[in-house]
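Chains as they are written, first to last, in the working numbering: chain W, 1 to 281; chain D, 282 to 588. I have placed the structure first, in the form of structure tokens, so that the comments after it can refer back to it.
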């Protein structure tokens, strides 16, 4: 039963330089998420923001419905439309739920199953491991934020025959990627803190919620907009206003929020790496 | 240079010593890693497999530092001591998904997974969830994942634990087969007869240090603090004892049931004289054994004294 006896190996495994060893982790993860109960229901539900924004998009191109433009503020221009799509509370909530659904158990389950040694007894590095796990959440989040955003651009083209500006096109790619990266790293970090999946799920939701509650309380006391930096939701919305060029509800630049989200993502991944390093050693 | 070369390995877990200044060369063949619980066997094996970074020292696999070349992991198969499974997966999915991590294609992984599962006798149950497996079956599955990619170096940490005698014997045969195929195999256990049935080459580790290394009988010969015991049953034990006691290489003689137990500091000299004596005097010998020329005795003499 030797490897060479099968005559299926075009090249000796030892000579292969596979740089994409994290891809099997991604594929396995995608399959596992799909097998989960209520997965299809959640994914169907996650299409709601897209569906609910196709209708107003259609309104903008129908002359007989133009009167509605005055009533619906976000239909005024592309910037406010795409800002409204990407920052509507339903979409952000869906991204949070998707993060929990797809990523809460990704690392905690490995801890619980004591599977970490099995990974690192193979040629994959800790970076590969994190890349593989991160890409699972990222893929699902982008499927319900970036892809619908791009679909809306296509629908706009189909309905009106007009392309969105280059700025909106780039913003519709950049913004969901950064937000998805943030949610993915945040989810994985919490997942690496415990092998109790229920605890991880509650913690992801609770910390998100808590950041907003604490912001509201402190903001009501000291009335300083910069306090918004402690709220995940505020940072996401404020960053979107900078990216899409709309008026921010806060008195500090949305780019600060963006930089803060990127910084947090980096910190989360660094801590995650250290956690994995500590557990595997 | 050996296939595996450990140079001054030391590992601490906080203030607790894992292993200390371990240097060893391991060549092709089977080496048994022995030691009582907590001796540092698993730590040593994890470092060999490149899964633990030593605080001091380095591990060279075929002349390359394992921590600096992850490609070396392709030629190593590691079977951990503890249960490491995704319980909801089937046995096949488990091995298949781990093979994919080596860069094997889907087709290659499928063939190799089935071959490994067949070797450990789980082919009929490979599509069942691991949750439904018994302890012994899980152990065999764990063994299968470490050999599925047909590595040159196999590191087995307590591979026979919880396995029924029939499959224990089959896995021992499999390990011997790997040895015949030129693999380098390190098997750890604290069940001495298991190791003894696999190999005569051992590394004895205790309190994080290597106590002894090499062939069991050679090591036994080097232990001069305990005279060799030789058990004899002859037609006339008393007469034989009266002759043997006169020899200066015999330090003690005692009677136990129907046996004479002779203690000697020079086993080779004893046998030379003894064989000549019984041949010249036509003495009938029914049994001649060395009860302490085995792994258990070596282990007891070396480790027992230090406990």
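Every residue, glycine too, gets a C-beta built ideally from N, C-alpha and C. Every value quoted in this text rests on a predicted model; they were computed, and no experiment measured them.
Min CB distance residue i to chain W below 8 Å
i: residue 461 (chain D); result: no
i: residue 384 (chain D); result: yes
i: residue 421 (chain D); result: no
i: residue 379 (chain D); result: yes
i: residue 332 (chain D); result: yes
i: residue 341 (chain D); result: no
i: residue 354 (chain D); result: yes
i: residue 556 (chain D); result: no
i: residue 291 (chain D); result: no
7 Å Cβ shell around residue i - same chain, five flanking residues per side excluded
i: residue 21 (chain W); result: 123, 124 and 128
i: residue 269 (chain W); result: 130 and 185
i: residue 157 (chain W); result: 163
i: residue 354 (chain D); result: 331
i: residue 419 (chain D); result: 364, 366 and 411
i: residue 307 (chain D); result: 283, 284, 285, 465 and 467
i: residue 293 (chain D); result: 299 and 336
Chain W residues whose Cβ lies nearer than 7 Å to that of residue i
i: residue 364 (chain D); result: 114
i: residue 406 (chain D); result: Per Cβ cutoff of 7 Å: no residues; residue 406 (chain D) is ~19 Å from chain W at best.
DSSP three-state assignment for residue i, whether helix, strand or coil
i: residue 368 (chain D); result: coil
i: residue 255 (chain W); result: helix
i: residue 173 (chain W); result: helix
i: residue 339 (chain D); result: strand
i: residue 284 (chain D); result: coil
i: residue 468 (chain D); result: strand
i: residue 212 (chain W); result: helix
i: residue 239 (chain W); result: helix
i: residue 569 (chain D); result: strand
i: residue 105 (chain W); result: coil
i: residue 357 (chain D); result: strand
i: residue 493 (chain D); result: strand
i: residue 483 (chain D); result: strand
i: residue 246 (chain W); result: coil
Cβ-based neighbour list, residue i, same chain, cut-off 6 Å, excluding 5 preceding and 5 following
i: residue 362 (chain D); result: 323, 438 and 439
i: residue 366 (chain D); result: 411
i: residue 393 (chain D); result: 380 and 429
i: residue 132 (chain W); result: 22, 25 and 26
i: residue 265 (chain W); result: 181, 182 and 185
Neighbour flag for residue i against chain D, beta carbons, 8 Å
i: residue 125 (chain W); result: yes
i: residue 120 (chain W); result: yes
i: residue 176 (chain W); result: no
i: residue 3 (chain W); result: Only weak support is given to the placement of residue 3 (chain W): the predicted model assigns it a pLDDT of 48, under 50, and the question is left unresolved by the model.
Chain-ordered chain D contacts of residue i [CB-CB under 8 Å]
i: residue 273 (chain W); result: The premise fails here: residue 273 (chain W) is roughly 14 Å from chain D at the closest Cβ pair, so nothing lies under 8 Å.
i: residue 28 (chain W); result: 378 and 381
Distance CB(residue i)-CB(residue j) smaller than 8 Å
i: residue 315 (chain D); j: residue 325 (chain D); result: no
i: residue 222 (chain D); j: residue 422 (chain D); result: The structure shown does not extend to residue 222 (chain D), since chain D is modelled only from 282 through 588, so no value can be given for it.
i: residue 525 (chain D); j: residue 543 (chain D); result: yes
i: residue 497 (chain D); j: residue 545 (chain D); result: no
i: residue 555 (chain D); j: residue 514 (chain D); result: no
i: residue 61 (chain W); j: residue 159 (chain W); result: yes
i: residue 491 (chain D); j: residue 288 (chain D); result: no
i: residue 79 (chain W); j: residue 246 (chain W); result: yes
i: residue 272 (chain W); j: residue 192 (chain W); result: yes
i: residue 434 (chain D); j: residue 342 (chain D); result: yes
i: residue 328 (chain D); j: residue 335 (chain D); result: yes
i: residue 310 (chain D); j: residue 460 (chain D); result: yes
i: residue 495 (chain D); j: residue 301 (chain D); result: no
i: residue 530 (chain D); j: residue 503 (chain D); result: no
i: residue 56 (chain W); j: residue 148 (chain W); result: no
i: residue 584 (chain D); j: residue 501 (chain D); result: no
i: residue 82 (chain W); j: residue 172 (chain W); result: yes
Amino acids of chain D, ordered along the chain, whose beta-carbon sits closer than 7 Å to that of residue i
i: residue 24 (chain W); result: 378, 381 and 382
i: residue 21 (chain W); result: 382 and 384
Nonlocal neighbours in the same chain, by C-beta distance under 8 Å from residue i, ignoring five residues either side
i: residue 180 (chain W); result: 95, 137, 138, 141, 142, 145 and 146
i: residue 190 (chain W); result: 104, 200, 203, 204 and 207
i: residue 486 (chain D); result: 300, 303, 314, 315, 316, 320, 321, 322, 325 and 492
Beta-carbon neighbours of residue i, restricted to chain D and to distances below 9 Å
i: residue 117 (chain W); result: 327, 330, 332, 359, 361, 363 and 365
Under 8 Å by beta carbon: chain W residues contacting residue i
i: residue 351 (chain D); result: 123, 124 and 125
Under 9 Å by beta carbon: chain W residues contacting residue i
i: residue 368 (chain D); result: 113
| chain C contacts made by the stretch 139-159 of chain W, where a contact means CB separation under 9 Å | The structure shown contains no chain C; its protein chains are W and D.
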